[in-house]
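The sequence shown begins at 30 in our numbering and counts up by one.
Before any comments, here is the structure.
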Amino acid sequence: NQCVESAVRDAADLGYLVTVVEDACAANEQSIHEGSLVNMSSFARVKSTSEIVGELEREKVPSLSEENFVKLSSTRNTGEIECSTGNQNSIIKESDLINGVLFGLKLAGVKYLRHIMCDNSSQIRGKALKISTSNVQGFKRGVGIVEAVMGLPLCGDVLCEESTTDLNHMLTLVPDLSSLTPVPYSTTNVNVYGYLCKKGGRISDFCPRGFLKRMITAASDLNLGVAMGVEIEFQLMNGGSYLDDTTWASISALDNLDSFLNELDSTLEKQGVEVLQIHAESAPGQFEVVLGHSKDLMKIADNILTTRQTIRALATKNNFQVEFTPKPSTHAAGNGQHVHVSCEKKQNSFMAGVLAHLPSLCAVVAASCSSYDRLKPGCWAGSFLVWAEENKEAPIRLCENGMHFECKTVDNTCNPYLAIGCLIAAGVSGVKQNQILPPKADVIEASYEAAPNLKVLPQSLSMALDELKKDTVLEQALGRGLFHSFLAVKRRRVLDFESDRGGERALLNKRL
Numbered sequence: 030n031q032c033v034e035s036a037v038r039d040a041a042d043l044g045y046l047v048t049v050v051e052d053a054c055a056a057n058e059q060s061i062h063e064g065s066l067v068n069m070s071s072f073a074r075v076k077s078t079s080e081i082v083g084e085l086e087r088e089k090v091p092s093l094s095e096e097n098f099v100k101l102s103s104t105r106n107t108g109e110i111e112c113s114t115g116n117q118n119s120i121i122k123e124s125d126l127i128n129g130v131l132f133g134l135k136l137a138g139v140k141y142l143r144h145i146m147c148d149n150s151s152q153i154r155g156k157a158l159k160i161s162t163s164n165v166q167g168f169k170r171g172v173g174i175v176e177a178v179m180g181l182p183l184c185g186d187v188l189c190e191e192s193t194t195d196l197n198h199m200l201t202l203v204p205d206l207s208s209l210t211p212v213p214y215s216t217t218n219v220n221v222y223g224y225l226c227k228k229g230g231r232i233s234d235f236c237p238r239g240f241l242k243r244m245i246t247a248a249s250d251l252n253l254g255v256a257m258g259v260e261i262e263f264q265l266m267n268g269g270s271y272l273d274d275t276t277w278a279s280i281s282a283l284d285n286l287d288s289f290l291n292e293l294d295s296t297l298e299k300q301g302v303e304v305l306q307i308h309a310e311s312a313p314g315q316f317e318v319v320l321g322h323s324k325d326l327m328k329i330a331d332n333i334l335t336t337r338q339t340i341r342a343l344a345t346k347n348n349f350q351v352e353f354t355p356k357p358s359t360h361a362a363g364n365g366q367h368v369h370v371s372c373e374k375k376q377n378s379f380m381a382g383v384l385a386h387l388p389s390l391c392a393v394v395a396a397s398c399s400s401y402d403r404l405k406p407g408c409w410a411g412s413f414l415v416w417a418e419e420n421k422e423a424p425i426r427l428c429e430n431g432m433h434f435e436c437k438t439v440d441n442t443c444n445p446y447l448a449i450g451c452l453i454a455a456g457v458s459g460v461k462q463n464q465i466l467p468p469k470a471d472v473i474e475a476s477y478e479a480a481p482n483l484k485v486l487p488q489s490l491s492m493a494l495d496e497l498k499k500d501t502v503l504e505q506a507l508g509r510g511l512f513h514s515f516l517a518v519k520r521r522r523v524l525d526f527e528s529d530r531g532g533e534r535a536l537l538n539k540r541l
């Protein structure tokens, strides 16, 4: 009732499925033993030795060469996977590992493995594969996804003109085993993020996650030590009215939504998402969740999708509505998804590259028509092509005595794999060219008229797309298929919603 129960509680808090073998542990007294089992039954399985032996006999449990592994470091064409276990590496058969995963998921009561991706319109899409009917080959194959998904607009499933995707060409969404994520608010499901692959297993040119993987490699090849963190802003409503009208960093807002925010924090923790801070923002019903800074840039992108899904699911559970859109009101601050970047080497050149490509980056990181209502003077998101120290009006803000910089133009309408990948591509370009930062802006004016000599950022999605179309660095990084399909989807967005912000906002609130 002490060591065992404490260990079980700790493991359950960390998101592990824990099984307590009731007749293989004991307390000083039978009554205390029974009471402890009752306590643990609320967060662990309590089974007898015979029940566990029966489960093991019914299922063929794979014999792994190492009992406990921490992280998959690479997948090989040989069908073997390298696993790190403390200070040692070991090789196990990929099929054994997958069998072990499937067995563990079944044991946990999980019914569906949800394969997840994010398309060019920033919609999170996926399919749920039933685990009870799955096997190693089915798991490795993933689920079928038509290539044309990367050419579909926000407004509906009709292929965009000029998209280079093919309605008759099937891809497979192949799971990345290291991205398995529990879904605490839906215990019969587990999420896994994956790569869009061609027949034969090669990652498709249309895959956003594959693009980010390439860019991570490009930065790693230069030993830059790039790390990122993210701040996600959102607003909560009930029946169309915002849940509070407090101001920035209001303690009352935290008190009013304490139950929801605590549930959000604990749910994200169980999903492996590190939350550093939560605070009220300045708009009505607005909060900001600050995620941890990490060199694992793929996990950062995965975590953005996990956080968006979790916020929406918990809001629905509490009969709230959530708003991620960039600028719901002209009279209040908008919702950003600020990205903080640090480099162990050549940070100034990396930052100079991002600044130089920022006009074209806007099309990727501020990916809706509504985004440009936020990129205005006085909106704390950036409107001029400048950088500054600790000035929230700068789109690129150097923070904490130069320890990292913040890109404030990014918002929730972006595809995080494309956004982070393009930020890396621009930064790597700056490093390779040894770019030098221009002089910093000491004062950033509150209107365009007051600063006639400063270059402004694109003032519409259409203008940003024009800049992107001319950017050979980003075109080469994205690759022809992804570059042109993205342009086609966003040109359609302009056609549909440039004059209908309300219509775009309504769809974003349903589909983002």
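The beta carbon of each residue, even a glycine, is placed where N, CA and C say it ideally should be.
Practice prompt. Find out if the Cβ-Cβ distance for the pair Ile-261, Gln-366 is shorter than 8 Å.
Written response: Going by C-beta atoms, Ile-261 is nearer than 8 Å to Gln-366.
Worksheet item: DSSP on Ser-65, reduced to helix/strand/coil?
Response: Note: Ser-65 maps to helix in three-state DSSP.
Discussion item. Does Phe-316 come out as helix, strand or coil in the three-state DSSP assignment?
Written reply: It is a strand residue.
Worksheet item: Is the distance from the Cβ of Ala-396 to the Cβ of Ser-151 below 8 Å?
Response: Taking 8 Å as the Cβ cut-off, Ala-396 and Ser-151 qualify as a contacting pair.
Worksheet entry | Residue burial classification, Glu-51 (beta-carbon count within 10 angstroms, cutoff 16) | The residue in question, Glu-51, is buried, as its Cβ has 16 or more Cβ neighbours within 10 Å.
Practice prompt. Spell out the partners DSSP gives Asp-331 in its beta bridges.
Written response: Asp-331 pairs with nothing; no bridge assigned.
Worksheet item: In terms of residues, what are the limits of the beta strand (DSSP E) holding Arg-154?
Response: Counting along the chain, the beta strand (DSSP E) containing Arg-154 begins and ends at 153 to 159.
Discussion item. With a threshold of 6 Å on Cβ separation, who are the neighbours of Asp-274 within its own chain once the five nearest residues in sequence on each side are excluded?
Written reply: Pro-313.
Worksheet item: Are the beta-carbon atoms belonging to Val-368 and Ile-425 less than 8 Å from one another?
Response: Their beta carbons are not under 8 Å apart, which means Val-368 does not touch Ile-425 by this criterion.
Worksheet item: So, Leu-320 versus Glu-292, is the Cβ gap smaller than 8 Å?
Response: No, the pair does not count as a contact, with Cβ atoms beyond the cut-off.
Discussion item. Which same chain residues end up closer than 6 Å to Ala-392 when comparing Cβ atoms and leaving out the 5 residues on each side of it in sequence?
Written reply: Excluding residues up to 5 positions away in sequence, Ala-493, Leu-494 and Leu-497 lie with their Cβ nearer than 6 Å to the Cβ of Ala-392 in the same chain.
Fill in: Euclidean distance between Cα positions of Ala-361 and Gly-185
Each residue's Cα considered, the two are about 30 Å apart.
Discussion item. Going residue by residue through the region 462 to 495, where are the continuous beta strand (DSSP E) segments of at least 3 residues, counting only ones entirely within it?
Written reply: DSSP assignment within the region 462 to 495 yields no whole beta strand (DSSP E) run of 3 residues or more.
Fill in: Buried/exposed call for Asp-500, threshold 16 Cβ in 10 Å
When all chains shown are included, Asp-500 counts as buried.
Item to complete: Measure the CB-CB distance between Phe-413 and Lys-484 and report whether it falls below 8 Å.
Response: Taking 8 Å as the cut-off, the Cβ atoms of Phe-413 and Lys-484 count as close.
Item to complete: For Trp-277, count neighbouring Cβ atoms within 10 angstroms of its own Cβ and tell me buried if that reaches 16, exposed if not.
Response: Counting Cβ neighbours within 10 Å, Trp-277 comes out exposed, since fewer than 16 surround it.
Fill in: Assigned secondary structure, Gln-350 (DSSP; H/G/I helix, E/B strand, else coil)
Three-state DSSP puts Gln-350 in a strand.
Item to complete: Indicate the three-state DSSP secondary structure (helix, strand or coil) for Leu-412 in the structure shown.
Response: A small correction: the amino acid at residue 412 is Ser; Leu does not occupy that position in the sequence shown. Residue state, collapsed to three classes: coil.
Discussion item. Run through the DSSP bridge pairs and tell me what Leu-202 is partnered with.
Written reply: BP columns for Leu-202 point to Val-172 and Leu-225.
Worksheet item: When you compare only the Cα positions, how much space is there between Arg-337 and Arg-143?
Response: Rounded to whole angstroms, Arg-337 to Arg-143 spans 16 Å at the Cα level.
Practice prompt. Would you mind listing the beta strand (DSSP E) stretches within the region 359 to 414 that are 3+ residues and don't spill past its ends, in chain order?
Written response: Whole beta strand (DSSP E) segments, 3+ residues: 366 to 371.
Discussion item. In the DSSP assignment, the alpha helix (DSSP H) including Phe-289 goes from what residue to what residue?
Written reply: Phe-289 -> alpha helix (DSSP H) spans 287 to 299.
Discussion item. In the DSSP assignment, the alpha helix (DSSP H) including Ile-127 goes from what residue to what residue?
Written reply: 123 to 136 is the extent of the alpha helix (DSSP H) around Ile-127.
Worksheet item: From Gly-531 to Ser-514, what does the alpha carbon distance come to, in whole angstroms?
Response: Roughly 25 Å separates the two Cα atoms.
Fill in: Given Glu-504 as reference, the closest of Ala-470, Leu-390 and Lys-421 once Cα atoms are compared
The alpha carbon of Glu-504 has as its nearest neighbour, out of Ala-470, Leu-390 and Lys-421, the alpha carbon of Leu-390.
Worksheet item: Among residues of its own chain, excluding the 5 on either side of Ser-489, which ones have a beta-carbon nearer than 6 Å to its beta-carbon?
Response: Here Ser-489 has Tyr-401 as same chain residues with Cβ atoms under 6 Å from its own Cβ, once five neighbours each way along the sequence are excluded.
Discussion item. Here's the rule I'm using: 16 or more other beta-carbon atoms within 10 Å means buried, otherwise exposed. How should Cys-436 be labelled?
Written reply: Counting other Cβ atoms within 10 Å of its Cβ, Cys-436 reaches 16 or more and is therefore classed as buried.
Worksheet item: So which of Asp-287, Pro-182, Ala-137 and Ser-295 has the shortest CA-CA distance to Leu-537?
Response: Measuring C-alpha to C-alpha distances from Leu-537 to each of Asp-287, Pro-182, Ala-137 and Ser-295 identifies Pro-182 as the nearest.
Worksheet entry | Whole-angstrom distance between Asn-482 and Gly-407, CA atom to CA atom | Taking the straight line from one Cα to the other gives about 18 Å.
Discussion item. Can you give me the C-alpha to C-alpha distance between His-308 and His-62, rounded to a whole angstrom?
Written reply: Rounded to whole angstroms, His-308 and His-62 show a C-alpha spacing of 43 Å.
Worksheet item: By the 10 Å Cβ neighbour count, where 16 or more other Cβ atoms means buried, how is Ile-120 classified, buried or exposed?
Response: With a pLDDT of only 48 at Ile-120, under the threshold of 50, the placement of this residue in the model should not be trusted; the figure read from the coordinates follows. Only exposed fits Ile-120, as fewer than 16 other CB atoms lie within 10 angstroms of its CB.
Fill in: Under 8 Å between C-beta atoms of Leu-196 and Val-165
Contact: no.
Worksheet item: Which value, in whole angstroms, describes the spacing of the CA atoms of Ala-448 and Gly-459?
Response: One C-alpha to the other measures close to 17 Å.
Fill in: Residues of its chain near Val-502, where Cβ-Cβ distance is below 6 Å and the 5 sequence neighbours each way are ignored
Cβ within range, chain order: Ser-458.
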